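As structure tokens, then:
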């Protein structure tokens, strides 16, 4: 187990290093600069040099790269080009709140609804309940979240006035974006739980439990649901991807000051250092979640632990 | 022996064994494809999806030409027209005909998605197959590379690539395929590894079948199912990615049309002209639902063991 974690950690660092390197050189290859080129050309050469020097852009690319890597190790992601003088780390940490709240609410809501739907669908296999759940699941993965968010904003926010249309003013501002974000999670979980539970229901230990004369509730909760839920942890990876990509568009649609909208804004502003910072932040988050998922899964399901121990 | 039985025995005559008749195949045997097609035909939802897809593809090809206008001509005297006999789906902010734009956009989105899926397929299948067939050290190295690649959130990389390349159909395709093939490679490798250790391959080997023949006759036909299924699920996700990129302003740009561009434009004027967002949204949802259901149907049809 210890060796497994060690190997995984090495991969984690390697992956992050590759992402950082790729991002850095991709950004260097970008056409244009974050500065206003016309105005910059009007400045005397001396001042222009000063501006470049203040961002470390006067040094050769390799030196810039080494500096950048060194700073990341120290937890410094550089200075923003657009929000003059602000540290990228400060900008990101100032924006985490709304994103985290919406993401967390979306996961909890999606988990709750998805679990209920999945369990009902499996228990009432091949009935109207089952078909309805499958339709919801297919729609959930098929309707692009930004289309859904835009329509929800138009109808529930603007036309019917149930919720605030946009911006981050009170708690109620977070409801529509959270719901829009949760739909994909509902679909993923409902589908997965249904499949898992159908498999568990066929297992011999369920027959044994029935033969022992256990009550319905006891069989369902102690044997079926418990065993079906173990592997739900594995869908956490796709869910995180779903939430990250969803947040990029949904925060933009609802005007929420989160990391997703910051990322899209900095792409439009050519704000290299912020783009790189968020890329690394997202990647680190993703890689860490995947590691935790795998470790947790090994802990809950001993069969997996042995399998991974061998590798 | 009782008398009655002896009498009864006289009623029977031993039949002559006719080996030719016994071995005769009364009906032509079904190929794997025909067998799958039979199963797929029974799946109503999948067949309806298939029909919807065929209609959409036909409309995407001929749609831009059967209206009264083309998709790029602007007409400032007819901006934001509601759907009418002249403009079947209305017009946008430059007076461009929405009917023509939607079908043009559908064909562009479909083309990007299908080509990206095809590129994923080629790269992924070759990578996975080589990794599984060569095995040993090569496999080891190839798998380590994949492990690192799967740790990277692909959409972020696609976004970065889109930033440095000139927006266009080919760019989007390439950007999507750079990260997209990994999944296919993993599936193909896992599947071939499983097949390699199965008894029928061992039997073929024992009978002296050459490696090439085993690959061609046993491994490839048995892997096609999962390749087709995975491709069917790659297409809708590519449609989504294209629309997503255009929506955040990194994909195609007007006056080009794709479903993403149309949804983006529609969102900008959602307040007054909801139909501009509604129609392309309906098309994209229909496409994705149809591909997903057909994919599910194909999975059941091609691999009945996986049916749930």
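Chains as they are written, first to last, in the UniProt record's numbering: chain S, 1 to 311; chain Z, 1 to 308.
Ideal placement from N, C-alpha and C gives every residue a C-beta, glycine not left out.
Keep in mind it's a predicted model, so treat the numbers as computed, not measured.
Strand pairing of residue i, partner residues [DSSP]
i                    : result
residue 87 (chain S) : S:79
residue 97 (chain Z) : Z:91
Segment limits, alpha helix (DSSP H) that includes residue i
i                     : result
residue 64 (chain Z)  : 44-66
residue 150 (chain Z) : 136-150
residue 13 (chain Z)  : Segment: none, residue 13 (chain Z) is in no alpha helix (DSSP H) and carries neither H nor E.
residue 47 (chain S)  : 45-54
residue 130 (chain S) : 128-142
residue 288 (chain Z) : 274-302
residue 178 (chain Z) : 169-196
residue 64 (chain S)  : 61-73
residue 191 (chain S) : 175-201
residue 222 (chain Z) : 220-247
residue 3 (chain S)   : 2-28
residue 242 (chain S) : 236-253
residue 252 (chain Z) : Segment: none, residue 252 (chain Z) is in no alpha helix (DSSP H) and carries neither H nor E.
residue 205 (chain Z) : 199-206
residue 149 (chain S) : 145-152
residue 154 (chain Z) : 154-164
residue 208 (chain S) : 204-211
residue 269 (chain S) : 259-269
residue 221 (chain S) : From DSSP, residue 221 (chain S) is part of no alpha helix (DSSP H); its letter is neither H nor E.
Closest Cα partner of residue i within the set the options
i                     : options                    : result
residue 121 (chain S) : S:248, S:106, S:129        : S:129
residue 256 (chain Z) : Z:32, Z:169, Z:120         : Z:169
residue 153 (chain Z) : S:107, S:23, S:301         : S:23
residue 272 (chain S) : S:26, S:11, S:5, S:221     : S:26
residue 93 (chain S)  : S:278, S:60, S:220, S:115  : S:278
residue 222 (chain Z) : Z:297, Z:129, Z:55, Z:103  : Z:129
residue 295 (chain Z) : Z:286, Z:199, Z:183, Z:235 : Z:235
residue 357 (chain Z) : S:68, S:142, S:7, S:150    : Lying outside 1 to 308, the shown extent of chain Z, residue 357 (chain Z) is not represented and no answer is given.
residue 262 (chain S) : S:89, S:176, S:189, S:133  : S:89
residue 302 (chain Z) : Z:33, Z:116, Z:46          : Z:33
residue 18 (chain S)  : Z:281, Z:39, Z:50, Z:150   : Z:150
residue 300 (chain Z) : Z:208, Z:133, Z:37, Z:189  : Z:37
residue 292 (chain S) : S:251, S:237, S:250        : S:237
residue 168 (chain S) : S:51, S:101, S:80          : S:101
residue 100 (chain Z) : Z:298, Z:276, Z:285        : Z:276
residue 188 (chain S) : S:218, S:212, S:197, S:235 : S:235
residue 297 (chain S) : S:232, S:10, S:43          : S:232
residue 120 (chain Z) : Z:181, Z:278, Z:55         : Z:181
residue 230 (chain Z) : Z:15, Z:124, Z:102         : Z:124
residue 314 (chain Z) : S:41, S:67, S:47, S:141    : Summary: the structure shown does not reach residue 314 (chain Z), with chain Z confined to residues 1 through 308, and so no result is reported for it.
residue 108 (chain S) : S:186, S:281, S:7          : S:186
residue 20 (chain S)  : S:281, S:163, S:138, S:196 : S:281
residue 115 (chain Z) : Z:213, Z:176, Z:201, Z:280 : Z:176
residue 156 (chain Z) : Z:166, Z:178, Z:147, Z:138 : Z:178
residue 91 (chain S)  : S:257, S:177, S:155, S:62  : S:257
residue 282 (chain Z) : Z:102, Z:166, Z:167, Z:216 : Z:102
residue 290 (chain S) : Z:147, Z:71, Z:208         : Z:147
residue 14 (chain S)  : S:301, S:295, S:283        : S:283
Any non-hydrogen atom of the ligand GDP closer than 8 Å to residue i Cβ
i                    : result
residue 28 (chain S) : Here there are no bound small molecules, and the ligand GDP is not part of this structure.
What residues in the segment 208-228 of chain S bring their beta carbon closer than 7 Å to a beta carbon of chain Z? none
Residues from the segment 259-287 of chain S in contact with chain Z, defined by Cβ distance under 7 Å: 264, 267, 268, 279, 282, 283, 286, 287
For the 8 Å Cβ check, are there 3 or more pairs between the segment 92-104 of chain Z and the segment 241-253 of chain Z? no
contact_flag[the segment 126-146 of chain S, the segment 154-173 of chain S] where n(CB pairs < 8 Å) is 3 or more: no
Chain-ordered residues of the segment 13-31 of chain S with a beta carbon less than 8 Å from chain Z: 14, 15, 18, 19, 22, 23, 26, 27, 29, 30, 31
Taking a cut of 9 Å between CB atoms, which residues from the segment 88-116 of chain S lie near chain Z? none
Could you please tell me which residues of the segment 238-260 of chain Z, in chain order, have their CB closer than 8 Å to any CB of chain S? 240, 243, 244, 247, 248, 249, 250
Going along the chain, which residues of the segment 162-195 of chain S sit with their C-beta nearer than 9 Å to a C-beta in chain Z? 194, 195
Against chain Z: residues of the segment 224-254 of chain S by CB proximity under 9 Å: 240, 241, 244, 245, 248, 249, 252, 253
Where the segment 284-305 of chain Z meets chain S: residues whose CB sits under 9 Å from a CB there: 284, 285, 286, 287, 288, 289, 290, 291, 292, 293, 296
Pairs of beta-carbons, one from the segment 22-32 of chain Z and one from the segment 68-88 of chain Z, closer than 8 Å: are there three or more? no
Closer than 9 Å, Cβ to any Cβ of chain S: which residues of the segment 129-161 of chain Z, in chain order? 144, 147, 148, 149, 150, 151, 152, 153, 154, 155, 156, 157, 159, 160, 161
To be precise: take each residue of the segment 165-192 of chain Z, compare its Cβ to all Cβ atoms of chain S, and keep it if any distance is under 8 Å. Which residues remain? none
Can at least three beta-carbon pairs, one atom from the segment 237-246 of chain Z and one from the segment 137-150 of chain S, be found at a separation below 8 Å? yes
Chain-ordered residues of the segment 127-150 of chain S with a beta carbon less than 8 Å from chain Z: 138, 139, 141, 142, 143, 144, 146, 147, 150
Short-range partners of chain S found in the segment 195-206 of chain Z, where Cβ spacing is below 7 Å: none
Any chance the segment 104-115 of chain Z sits against the segment 58-65 of chain Z, with 3 or more Cβ pairs inside 8 Å? yes
Three-pair Cβ contact test at 8 Å for the segment 196-208 of chain S versus the segment 223-231 of chain S: yes
Looking at chain Z, which residues of the segment 63-77 of chain S have a Cβ within less than 7 Å of any of its Cβ atoms? none
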